[in-house]
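Enquirer: Using our numbering, the first residue of the sequence shown is number 91, and each one after it goes up by one.
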Amino acid sequence: MNKIISCVFAAAMMLAAGLSVNAQQVMPPFLKPGDKIAVISPGSTPKAAVVDSACQVLRNWGYVPVRGQYLLERYHMYAGTTEQRVTDLLWALRDPGIKAILCTRGGYGSSQLLHEIPLDTLAKYRKWIIGYSDITALHSGMVRAGGMSIHGNMGGRLSDTGGKDPSSLYLRNLLAGELPRYSVPVHPYNVQGKASGILIGGNMSVFCNISGSKDYDFLDRDFIAGKDIILFMEDVSESFPRVCSMLYQLKLKGVISHVKGIILGRFTDYTKPANDYDDMNDMLRDYLQGYNIPICYDFPASHDEDWNYPLIEGCPVTLDVTATGVTLDFH
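1. Name the DSSP beta bridge partners of residue 386, please?
2. Measure the alpha-carbon distance for residue 404 versus residue 303 and round it to whole angstroms.
3. I need the straight-line Cα distance from residue 273 to residue 339, nearest angstrom please.
4. Applying the 10 Å Cβ sphere with the 16-neighbour rule, what's the burial state of residue 280?
5. Compute the Euclidean distance between the alpha carbons of residue 239 and residue 153, then round it to the nearest angstrom.
6. Specify, as a first and last residue, the run of the beta strand (DSSP E) that residue 190 falls within.
7. Going by alpha carbons, who is nearest to residue 251 out of 161, 195, 147?
8. If we ignore side chains and look at the alpha-carbon of each, how far apart do residue 289 and residue 322 end up?
9. Answer yes or no: do residue 384 and residue 409 have a C-beta to C-beta separation smaller than 8 Å?
10. Determine the direct distance from the alpha carbon of residue 358 to that of residue 266, and round the result to whole angstroms.
11. Among the residues of its own chain, which have a CB less than 6 Å from the CB of residue 259, if the five just before and after it don't count?
12. I need the DSSP call for residue 394, collapsed to helix, strand or coil.
13. Express the C-alpha separation of residue 374 and residue 294 in angstroms, rounding to a whole number.
14. Out of 284, 297, 348, state which residue places its alpha-carbon closest to the alpha-carbon of residue 315.
15. On a Cα-Cα basis, can you pick out the residue from 193, 361, 192, 182 that is closest to residue 211?
16. Between the alpha carbons of residue 114 and residue 275, how many angstroms are there, rounded?
17. What are the uninterrupted segments assigned as alpha helix (DSSP H) that are 4 or more residues long and contained completely in the segment 302-358, given in chain order?
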């Protein structure tokens with residue numbers, strides 16, 4: 091009886107927090123000049139000089155950077171213990187003066203934080219979380235909580251370019267309320283078509299690693315049931331067999347059958363086996379042939395930070411792949 095009561099209570103809390111499986115994703119408020127942005131390290135440790143430079147970029151954009159207590163800590167390969175990194179993330183979420191959260195870098199360890207942060211906490215504090223690579227784990231949790239977040243460059247790139255490169259300028263405009271509309275050139279492997287749905291994805295190895303988590307996996311079959319999905323994938327330093335096995339993992343989960351369109355970012359820093367496919371896109375095309383959905387290859391979002399356009403996770407989008415180019419509209 092107590093178990094039944096607990097389940098009913100948990101369900102009521104989920105509904106109150108907007109966590110219904112088929113609930114509409116909620117977009118966080120955009121920023122205004124003078125708003126505070128928390129700078130934290132959910133994964134690995136950044137260099138102090140990188141943090142200093144990134145904070146200056148945020149000031150130049152008109153915002154007030156506020157540093158997490160543990161962002162420069164070091165514990166093995168992580169920026170502090172799990173408890174320390176959770177403390178910084180919860181502070182950034184709960185502080186009413188903080189309006190967005192910029193991650194300093196990826197690396198390893200962001201998925202460790204999910205187990206310590208209930209979905210209703212993520213749902214309660216609607217704020218932009220900005221990052222990519224290992225930060226994909228936090229995007230997955232935020233989307234499962236009914237929110238949205240930003241797959242985009244972090245402190246390192248802001249530091250390297252002073253925030254003046256195209257990807258960083260897109261991020262600046264997005265935070266200020268300008269929804270992006272991207273146009274990219276034709277790729278010979280593209281599959282033409284037009285589709286709409288909510289955009290989810292990111293670093294392939296990260297979201298496959300948390301696959302099976304009932305609460306935090308944004309590709310859980312129960313979560314995506316009844317939804318139209320536009321799936322985005324990219325990765326770095328992964329071998330052909332590893333990427334192939336992850337593609338089959340998605341197929342075995344039944345994910346691909348719910349996908350209405352696919353955006354393939356750039357797969358970088360891999361070693362091509364002898365006597366194998368010409369490149370990673372060649373292998374991806376071989377696997378994805380026969381799916382009657384639009385597919386965009388070589389979209390400028392990846393670990394190649396020169397071309398890492400910010401994408402809004404959980405946001406409705408329209409993907410239009412034509413003979414003359416590709417457009418991606420956020421709504």
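Even glycine gets a Cβ: it sits at the ideal position worked out from N, Cα and C. From a predicted model like this one, the values you see are computed outputs, not experimental measurements.
Expert: So, to answer that:
1. Taking the first residue of the sequence shown as 1, we reach residue 386 at position 296. Bridge partners of residue 386: 353.
2. As a working note, residue 404 is residue 314 in the sequence shown. As a working note, residue 303 is residue 213 in the sequence shown. Between the alpha carbons of residue 404 and residue 303 lies a distance of about 18 Å.
3. In the sequence shown, residue 273 corresponds to position 183, counting from 1. In the sequence shown, residue 339 corresponds to position 249, counting from 1. Answer to the nearest angstrom: the Cα atoms are 30 Å apart.
4. Here residue 280 refers to the residue found at position 190 when the sequence shown is read from its first residue. The residue is buried, with at least 16 neighbouring Cβ atoms inside 10 Å.
5. Here the question's residue 239 lines up with position 149 in the sequence shown. Here the question's residue 153 lines up with position 63 in the sequence shown. For residue 239 and residue 153, the distance between alpha carbons rounds to 18 Å.
6. To locate residue 190, count along the sequence shown from 1; it is residue 100. According to the DSSP assignment, residue 190 belongs to the beta strand (DSSP E) that extends over 188-193.
7. For the purposes of this step, residue 251 is taken as the residue at position 161 of the sequence shown. Nearest of 161, 195, 147 to residue 251, Cα basis: 147.
8. Here the question's residue 289 lines up with position 199 in the sequence shown. Here the question's residue 322 lines up with position 232 in the sequence shown. Residue 289 and residue 322: Cα-Cα distance of roughly 7 Å.
9. As a working mapping, residue 384 is identified with position 294 in the sequence shown. As a working mapping, residue 409 is identified with position 319 in the sequence shown. Going by C-beta atoms, residue 384 is nearer than 8 Å to residue 409.
10. Position 176 of the sequence shown, counted from the start, is the residue given in the question as residue 266. Position 268 of the sequence shown, counted from the start, is the residue given in the question as residue 358. About 30 Å.
11. To locate residue 259, count along the sequence shown from 1; it is residue 169. Taken in chain order, the list of residues that qualify is empty.
12. By 1-based counting over the sequence shown, the position of residue 394 is 304. Coil at residue 394, not helix or strand.
13. Here residue 294 corresponds to residue number 204 of the sequence shown, with the count starting at 1. Here residue 374 corresponds to residue number 284 of the sequence shown, with the count starting at 1. Near 13 Å, if we compare the C-alpha coordinates of residue 374 and residue 294.
14. Against the sequence shown, residue 315 aligns to sequence position 225. Of the listed residues, the one whose Cα sits closest to residue 315 is 348.
15. Here residue 211 refers to the residue found at position 121 when the sequence shown is read from its first residue. Checked all of 193, 361, 192, 182; the closest Cα to residue 211 is 182.
16. By 1-based counting over the sequence shown, the position of residue 114 is 24. By 1-based counting over the sequence shown, the position of residue 275 is 185. So the two alpha carbons sit approximately 32 Å from each other.
17. Segments of the alpha helix (DSSP H) lying fully in the segment 302-358: 311-314, 330-343.
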